[in-house]
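Numbering (this note's numbering), first residue to last: 98 to 360.
For each residue, glycine too, the CB sits at the ideal point set by N, CA and C.
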Amino acid sequence: MEVYGIIPARMGSSRFPNKPLAPILGMPMIGHVYHRTLNAKRLKEVWVATCDREIYDYVRSIGGNSVMTADTHERATDRTAEALSNIEAIQGHEVEAVLMIQGDEPMLVPSELDDLVHAAEDAPDAAAANLIVKIDSREEFEDLNAVKVVMTVDGRALYFSREPIPSRWRNGAEVPMWRQLGLILFRREALREYATLEPTPLEIIESVDMNRFIEHGRDIVLTEARTRTKAVDTPEDLAEVERLMGAGDPLADVYLNANRTQR
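And the structure:
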């Protein structure tokens, strides 16, 4: 499967404005996501999709691929779908599949992206494949910034919510608790179809892109990540990520040192 990585990013986040260019160890967060994504072996190319000239110019300044999109998208998946069309027009050929990497995952592990490609290849009937991770604390389970998911016995998504699902009121700690990561692989036609589907009530209520697929009867296969990482939803998350990465991150050390050398 030929896969392109697309990183949707915008400055106007309601929870954390200007988040993509917020510095972590001296590098904008979107730079960390881009450099780490480049290390995935199964991605042929990596692009940043944005409606903001500041992000576009920064990515180009580090030698990266970037493409402008409309500023009207409310969903990262819609932005990614437009970016796919723009990239195909630039390159003159179709892309078989797209791995959408949210721009707020600066600690992502490149090998996990490769695992997601393998999971999608093993489920050719699914519209998308999504990485998930176990939730290990009640605080995270109740955090509205963490998108929770419940699934079938064979690992297909049933529903995504920002609320704590499933209910713990009877079984307490025995409840399976899973969180969606912002790393989702789409086959080309599924991503193009997503952009044509009407936004759905539960997608809007939960503010979760993937509910649109579920409400329209499409399958999403889930695969467990081997590594727990931390996304950035708030300035407090940013400070915690900087602490964690500063305490020792071999991959970050490589590209940060290379960036300093180039200067």
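Proximal residues to residue i (C-beta, below 8 Å), its chain only, five neighbours per side dropped
{"i": "residue 127", "result": "104, 106, 117, 118, 145, 152, 155, 156 and 200"}
{"i": "residue 353", "result": "122, 123 and 124"}
{"i": "residue 191", "result": "185 and 285"}
Own chain, CB closer than 6 Å to residue i, minus 5 neighbours either side, in chain order
{"i": "residue 349", "result": "342"}
{"i": "residue 93", "result": "With the chain covering only 98 through 360, there is no way to say anything about residue 93."}
{"i": "residue 162", "result": "144"}
{"i": "residue 135", "result": "143"}
Continuous beta strand (DSSP E) stretch holding residue i: start and end
{"i": "residue 283", "result": "275-284"}
{"i": "residue 362", "result": "Shown here, the chain extends from 98 to 360; a query on residue 362 therefore has no answer."}
{"i": "residue 115", "result": "Counting along the chain, residue 115 falls outside any beta strand (DSSP E), and DSSP gives it neither H nor E."}
{"i": "residue 302", "result": "From DSSP, residue 302 is part of no beta strand (DSSP E) but of the alpha helix (DSSP H) over 298-303."}
{"i": "residue 142", "result": "140-147"}
{"i": "residue 255", "result": "254-258"}
{"i": "residue 163", "result": "162-165"}
Presumed contact (8 Å Cβ cut-off) between residue i and residue j, rounded CB distance
{"i": "residue 178", "j": "residue 278", "result": "Not quite, the Cβ-Cβ distance comes to about 20 Å (not below 8 Å), so this is no contact."}
{"i": "residue 220", "j": "residue 318", "result": "4 Å"}
{"i": "residue 193", "j": "residue 328", "result": "In fact, because the Cβ distance is near 27 Å, the residues do not count as touching under 8 Å."}
{"i": "residue 324", "j": "residue 209", "result": "6 Å"}
{"i": "residue 286", "j": "residue 261", "result": "Not confirmed; about 34 Å, so no contact."}
{"i": "residue 218", "j": "residue 98", "result": "6 Å"}
{"i": "residue 312", "j": "residue 303", "result": "Rounded, the Cβ-Cβ distance is 11 Å, inconsistent with contact."}
C-beta atoms of residue i and residue j nearer than 7 Å
{"i": "residue 284", "j": "residue 297", "result": "no"}
{"i": "residue 280", "j": "residue 228", "result": "yes"}
{"i": "residue 259", "j": "residue 207", "result": "no"}
{"i": "residue 176", "j": "residue 166", "result": "yes"}
{"i": "residue 244", "j": "residue 257", "result": "yes"}
{"i": "residue 102", "j": "residue 143", "result": "yes"}
{"i": "residue 254", "j": "residue 315", "result": "no"}
{"i": "residue 242", "j": "residue 330", "result": "yes"}
{"i": "residue 232", "j": "residue 204", "result": "no"}
{"i": "residue 265", "j": "residue 230", "result": "no"}
{"i": "residue 392", "j": "residue 263", "result": "Any answer about residue 392 is impossible in this case: the structure gives the chain only from 98 up to 360."}
Extent of the continuous alpha helix (DSSP H) run through residue i
{"i": "residue 105", "result": "From DSSP, residue 105 is part of no alpha helix (DSSP H) but of the beta strand (DSSP E) over 100-106."}
{"i": "residue 130", "result": "126-135"}
{"i": "residue 337", "result": "332-343"}
{"i": "residue 214", "result": "207-218"}
Contacts around residue i, its chain only, beta-carbon distance under 7 Å, and the 5 residues preceding and following it disregarded
{"i": "residue 213", "result": "196, 226, 228, 280, 282 and 320"}
{"i": "residue 338", "result": "121, 203, 204, 327 and 329"}
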